[in-house]
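Please read the structure below before turning to the comments.
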Amino acid sequence: MAVILDGKAVSERRLELLREAIDESGLSPRLATVLVGDDPASALYVRMKHQACERVHIGSINVTLPADATTARVVETVRRLNADPEINGILVQLPLPAGVDEEAVIEAVSPAKDVDGFHPCNLGRLFSGRPRYTPCTPAGIMTLLAEYGIDLAGRRAVVVGRSIDVGRPIAALLLNADATVTICHSRTKDLASVTREADIVVAAVGKPRFITAEMIGEGAVVVDVGTNRVEGRLLGDVDFDSVRERAAAITPVPGGVGPMTIATLMENTFAAARRQACGPAP
Ligand SMILES: NC(=O)c1ccc[n+]([C@@H]2O[C@H](COP(=O)([O-])OP(=O)(O)OC[C@H]3O[C@@H](n4cnc5c(N)ncnc54)[C@H](OP(=O)(O)O)[C@@H]3O)[C@@H](O)[C@H]2O)c1
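Residue 1241 is where the sequence shown starts when you use the working numbering, and the numbers rise one by one after that.
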């Protein structure tokens, strides 16, 4: 039976330590969130981020714009926050409404305040092996694996999914940690034969219980990024009950990757405040 990689417990511990570090630093980190439109899930995620800020003594403000805001207006809001010396980190809650050019908004965020790590400059740094701000979900996964002492060097890692927010950056992080990495996607042939060979499987597909026990090798570590709402329940991308019988370790949903994402956002914001206190980024 697999060890449960308890992201909730690890994130709680890390948030406590972070609060102490912030209190001792003499700094007053501040995060700004930008919420466009009235999608209830996005509003909930933003609220959770502000609650976490409060807990670790990071100041926070939220700017809400209407669903019909133009790209120019969202970009203008981001630029104002870039120029505000009181703001250390900026998070634009994604996805943006269909009428807003997401790429233009992401590129408008100053790379020095890009605590979500989605600016091409920060993604480029990550892929060149010299990360500055790393997207929070993949960075949180790496922290969780490290907290459980899971060795990655030389091991075979298979990432299912190639999105910019999860699949690609977690593949880069695993590669930076000396794993041998394969990225799978919807065009991958015979997916199960690839995943079965893996020592570590990261599932970021967005399909409930998509990864089944037959797709997992005995003793693998399985990380489930999926958050799928099905009839009011939150389900992962992994069929937890069957896979935990084969795996050596597995993240639950909820309580696995999700809490690590928020803890990492807080850590990135404090890192931004510390860097900015030392002067402008090179
Ligand atoms: N816990 C958290 O903090 C957190 C954070 C972010 C996301 N999530 C969750 O993680 C999941 C993935 O998110 P995402 O943003 O990466 O999703 P996404 O942008 O929709 O990407 C899904 C990926 O899965 C691949 N895929 C789809 N069907 C497949 C199949 N049959 N076989 C193999 N690959 C397949 C897609 O391939 P193609 O590229 O070929 O289309 C795509 O690369 C979602 O449930 C999301 O809600 C959770």
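We treat Cβ as the ideally placed atom computed from N, Cα and C, and that holds for glycine.
Item	Value
Given 8 angstroms, three or more beta-carbon pairs between the region 1357-1366 and the region 1440-1457	no
Residue closest to V1318, alpha-carbon to alpha-carbon, out of D1308, D1430, A1307, A1272	A1272
Limits of the unbroken alpha helix (DSSP H) element including C1523	With the chain covering only 1241 through 1522, there is no way to say anything about residue 1523.
Minimum C-alpha distance to G1459 - residue among V1445, R1436, R1473	R1436
6 angstroms CB neighbourhood of A1411 in its chain, flanking five on each side removed	V1399, V1421, I1423
Ordered list of alpha helix (DSSP H) runs contained in the region 1431-1466, each at least 4 residues	1431-1435
CA-to-CA distance, N1416 to G1369, given in whole angstroms	6 angstroms
From G1472, A1453, P1494, residue whose alpha carbon lies closest to that of R1486	A1453
Cβ neighbours of G1407 in the same chain (closer than 7 angstroms, five flanking residues each side left out)	V1399, G1401, I1423, A1444
Contact test: A1543 Cβ vs ligand 1 heavy atom, cutoff 8 angstroms	With the chain covering 1241 to 1522 only, the question about residue 1543 has no answer from this structure.
For A1309, the residue or residues it bridges with in DSSP	The partner list for A1309 (beta bridge, DSSP) is empty, contrary to what the question assumes.
Every unbroken beta strand (DSSP E) within the region 1266-1351, with a cutoff of 3 residues, ordered by chain	1270-1276, 1299-1305, 1329-1332
Cβ shell of E1326 (< 7 angstroms), same chain only, five flanking positions each side left out	R1270
Reference S1433, options R1254, M1455, F1480, L1384, closest by Cα	M1455
D1477 CB to nearest heavy atom of ligand 1 below 8 angstroms	yes
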